[in-house]
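**Q** For the sequence shown, the numbering used here gives the first residue as 909, with consecutive numbering after it. All residues carry an ideal CB built from backbone N, CA and C; glycine is no exception.
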Amino acid sequence: MNTQNTTIKNFSYIINSIENSCSKAHRNPKHVNLVAVTKNIQPELIIPLLQHGHTSFGENRVQEAQKKWIPLKKQFPDTSLHLIGPLQSNKAKQALELFDFIHTLDRPSLVHALAKAQRQLKKNIPILIQINTGQEPQKAGVNPKEFPELLELALQNKLNIQGVMCIPPLHDQPEEHFLLCTRIAAQFQLPILSFGMSSDFNSAIASGATLVRVGSAIFGARA
Ligand SMILES: *Cc1c(COP(=O)(O)O)cnc(C)c1O
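1) Compute every distance between the C-beta of residue 1015 and the non-hydrogen atoms of ligand 1, then say whether any falls below 7 Å.
2) Can you round the beta-carbon distance between residue 973 and residue 1014 to whole angstroms, since I take them to be within the 8 Å contact cut?
3) What are the complete alpha helix (DSSP H) segments, minimum 4 residues, inside the stretch 1007 to 1074?
4) Using a Cβ-based criterion (distance less than 7 Å to any ligand heavy atom), does residue 964 qualify as near ligand 1?
5) For ligand 1, is there a heavy atom less than 7 Å away from the beta-carbon of residue 1117?
6) In the DSSP output, what is residue 967 paired with across the bridge?
7) Report yes if the C-beta of residue 1121 is less than 7 Å from at least one heavy atom of ligand 1; otherwise report no.
8) From 1028, 944, 1121, pick the residue whose C-alpha is nearest to that of residue 963; which is it?
9) For ligand 1, I want to know if residue 947 counts as a neighbour, meaning its beta carbon is within less than 7 Å of at least one of the ligand's heavy atoms.
10) Which residues mark the beginning and the end of the alpha helix (DSSP H) in which residue 920 is found?
11) Here's the rule I'm using: 16 or more other beta-carbon atoms within 10 Å means buried, otherwise exposed. How should residue 911 be labelled?
12) Looking at the structure shown, is residue 1131 part of a helix, part of a strand, or coil, going by DSSP?
13) Rounding to the nearest angstrom, what Cα-Cα distance links residue 1100 and residue 1086 in this structure?
14) What does the alpha-carbon distance come out to for the pair residue 1033 and residue 1004?
15) Measure the alpha-carbon distance for residue 1064 versus residue 1044 and round it to whole angstroms.
16) What are the start and end residues of the alpha helix (DSSP H) that includes residue 1110?
17) Could you please give the first and the last residue of the uninterrupted alpha helix (DSSP H) stretch that includes residue 955?
18) Give the straight-line distance between the Cα atoms of residue 1077 and residue 942, rounded to the nearest whole angstrom.
Below, the structure is given as structure tokens:
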């Protein structure tokens, strides 16, 4: 368990580490957004980071995010909240109400649910397509071969598709998965590349990530 002080210390360490990786990769650190992942983390540990001025946060479940972030966003209106976990179609509207980015579009039924929610709420946010780069049957994400078709359907339905996201298989070298994502994004001229977590954000930056999602390295091991 972290205390508030260690959270800020860890955060500063990660920022430094991102800057070092950018410098090694000859990249501008302004082009790598750090999303602090707060799933299972209580507001007491999140508030110091908000007060420190950080604005990008990620949650993986709609219900947990609503409970914590409806009040926190009132207090810190500049917050940009990212949904990084799987989204059920029947929660599309709630997700669109609360979040500022969705990283996990991965199937046609969710395209239609999000399109309907966008019309109802008259709200349009950037959405990323999650790619199952390892083609793992139990994992969310579109199969790389089905990516072009899903992208086309999403664009036809007026979703604001801005990039791709992946979570590499646990026991693989992550780089080949990052690079596959990077190639697909380049092919379709999508600017946002969401990959890299606590254990591999440095190599993610070397592979082109524009957004890394870091949880435990900032907040400590989750309960
Ligand atoms: C939990 C989670 C993260 C952060 O993982 P850490 O290893 O704690 O940095 C990143 N991305 C997704 C999709 C997650 O669910």
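**A** Quick answer:
1) no
2) 19 Å between Cβ atoms; not a contact.
3) 1016 to 1029, 1055 to 1064
4) no
5) no
6) 991
7) yes
8) 944
9) yes
10) 912 to 932
11) exposed
12) coil
13) 12 Å
14) 8 Å
15) 28 Å
16) 1109 to 1114
17) 951 to 959
18) 22 Å
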